[in-house]
Amino acid sequence: MDLVRTLTMQFFPKRIFIQFGTIFALLVFNSLTKVDGQTQQTSSHHDYCIIGAGPSGLQMGYFLEKSGRDYIIFERTNTSGNFFTKYPRHRTLISINKRNTGRTNKEFNMRHDWNSLLSDKEHLKLRYYSKEMFPHADVLVKYLSDFQRMNNLNVQFNAEMSNIQTVRNDSVKEKHTFTMSDQYNNKYACRWLIVATGLWKPNIPKFDGIELTQGYESISINADDFEGKSVLILGRGNSAFETANAIYGATNVVHMIARSRVRLAWATHYVGDLRAVNNGVLDTYQLKSLDGIAEAFLSDETKLMSKNGKYQLVTDDEFFDNFAFRESYDVIIRCLGFTFDDELFYNPYSPPLFGMAQSWKRMAICENAG
Numbered sequence: 019m020d021l022v023r024t025l026t027m028q029f030f031p032k033r034i035f036i037q038f039g040t041i042f043a044l045l046v047f048n049s050l051t052k053v054d055g056q057t058q059q060t061s062s063h064h065d066y067c068i069i070g071a072g073p074s075g076l077q078m079g080y081f082l083e084k085s086g087r088d089y090i091i092f093e094r095t096n097t098s099g100n101f102f103t104k105y106p107r108h109r110t111l112i113s114i115n116k117r118n119t120g121r122t123n124k125e126f127n128m129r130h131d132w133n134s135l136l137s138d139k140e141h142l143k144l145r146y147y148s149k150e151m152f153p154h155a156d157v158l159v160k161y162l163s164d165f166q167r168m169n170n171l172n173v174q175f176n177a178e179m180s181n182i183q184t185v186r187n188d189s190v191k192e193k194h195t196f197t198m199s200d201q202y203n204n205k206y207a208c209r210w211l212i213v214a215t216g217l218w219k220p221n222i223p224k225f226d227g228i229e230l231t232q233g234y235e236s237i238s239i240n241a242d243d244f245e246g247k248s249v250l251i252l253g254r255g256n257s258a259f260e261t262a263n264a265i266y267g268a269t270n271v272v273h274m275i276a277r278s279r280v281r282l283a284w285a286t287h288y289v290g291d292l293r294a295v296n297n298g299v300l301d302t303y304q305l306k307s308l309d310g311i312a313e314a315f316l317s318d319e320t321k322l323m324s325k326n327g328k329y330q331l332v333t334d335d336e337f338f339d340n341f342a343f344r345e346s347y348d349v350i351i352r353c354l355g356f357t358f359d360d361e362l363f364y365n366p367y368s369p370p371l372f373g374m375a376q377s378w379k380r381m382a383i384c385e386n387a388g
């Protein structure tokens, strides 16, 4: 998890910092708040509330715990790092587990450790959990659970937060406070709010026939289910290539299509672009073994059509006319990345995610991400 790059945005009356999907928002606490003139008593309050017990939430919780701060971490499921209990679907991480560097400098070694969180416990390093360069995702789940437990982090599990909103409060400097509630309608308030949920909602663009696709979030991970089938994959990021690599030994063909060219991490030096661990299909494409990769813009005018149990893609991209892609497919798989879940927020105050593509091209939250 690279926690170096940051992006500053405007959110409500305060500033917001987004760091690989983690939102840090300043909130002012007051246990008595007024909504539309009505006074409500919150059932619980803390100086700091963190939503999400993934790597970012646990890391922030660790520093708050070390500083003796009043905080709580809300996790909607029953385990830390829940995202990694399901993703990546084929269970191989793309974050490097670099165990040996030939150096004794701890700062240098941590720079090359892409998985471990910062702590004062030397044994809480992923290197002691797996010797694999690209570990199984379950290893990370176990590590994050141990990190939470061994550091005695205050996590409230099975607490799904929603209805985050501002209310006027003239008694504090900021003239407002934020409140939220869980699925049982318990009320909470805090001085600082950290939304550490990351990007976890599947990105599902809107065009005719999208319901005919199978999503990355729900596809079978058994290659036998694709035996002798022709497969089209929408997307050309790591999830798309991960899926292609898992099935291309069983399929007739795997075709991939997205709005931009493949960006290879070794060329761009950005770890989120296509990693070598996932790019096996590039070999079969370049060596003309029937698999194919094409570029086309998937717009609102794109259509997926079904006929006689087969599926076909129709795009309005005037520059896209590839003979191989005129064929029908047995399966179309959607691997278009993830988006931020703004349903946490009360509708009138959904966080404005504008300007991200312009401010940081590597962290685009938009449809048709490939």
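Counting in the working numbering, the final residue of the sequence shown is number 388, and the numbers go up one at a time with none missing.
Beta carbons are placed, not taken as given, at the ideal position from N, Cα and C, and that holds for glycine.
Reference Met179, options Ser199, Lys191, Asn169, closest by Cα: Nearest C-alpha to Met179: Ser199.
Validate contact between the region 264-273 and the region 131-150 using beta carbons, cut 8 Å, 3 pairs: Judged by Cβ distances under 8 Å, the region 264-273 makes no contact with the region 131-150, as fewer than three pairs qualify.
Ala283, enclosing alpha helix (DSSP H) - first and last residue: 283-286
Proximity below 8 Å, CB of Phe165 to CB of Leu250: no
Nearest-angstrom Cα separation, counted from Asp65 out to Ile112: 36 Å
Span of the beta strand (DSSP E) around Met274: 271-276
Inter-residue Cα distance where the pair is His154 and Arg129: 21 Å
Neighbourhood of Leu230 by C-beta distance below 7 Å, restricted to the same chain and skipping five residues each side: Closer than 7 Å at Cβ, skipping near neighbours: Leu322, Ser324, Tyr329, Ile350.
Alpha-carbon spacing of Asp360 relative to Ala276, whole angstroms: Distance from the CA of Asp360 to the CA of Ala276, rounded to the nearest whole angstrom, comes to 25 Å.
C-beta neighbour in chain D for Ile69, strict 8 Å: No chain D appears in this structure, which consists of one protein chain only.
Enclosing beta strand (DSSP E) for Phe92 [first to last residue]: Per DSSP, the unbroken beta strand (DSSP E) holding Phe92 starts and ends at 89-92.
Residue from Arg109, Lys306, Asn256 whose Cα sits closest to the Cα of Leu282: Asn256
For Val185, three-class secondary structure by DSSP: strand
C-alpha distance - Ile237 paired with Ser98, whole-angstrom precision: 24 Å
Backbone CA spacing between Gly70 and Lys116 [nearest angstrom]: 27 Å
Residue(s) in a DSSP beta bridge with Asn115: Asp131
Host beta strand (DSSP E) of Ala207 (start-end): Run containing Ala207: 205-213, per the beta strand (DSSP E) assignment.
The ligand FAD heavy atom lying under 7 Å from the CB of Leu82: Of the ligands one can find in the structure shown there are none, so the ligand FAD has no counterpart to examine.
Nonlocal neighbours in the same chain, by C-beta distance under 7 Å from Met151, ignoring five residues either side: Ile114, Asn115
Ser134 classed as buried or exposed, judged by whether at least 16 other C-beta atoms fall within 10 angstroms: Buried.
Residues that DSSP places opposite Ser392 in a beta bridge: There is simply no residue 392 to check, as the chain begins at 19 and stops at 388 in what is shown.
C-beta atoms of Ile90 and Gln174 nearer than 8 Å: It is a contact, given that the beta carbons lie within the stated cut-off.
Reduced DSSP secondary structure (H/G/I, E/B, other) of Ile265: helix
Ser307 versus Tyr266, Asp291, Tyr288, residue with shortest Cα-Cα distance: Cα-wise, what sits closest to Ser307 is Tyr266.
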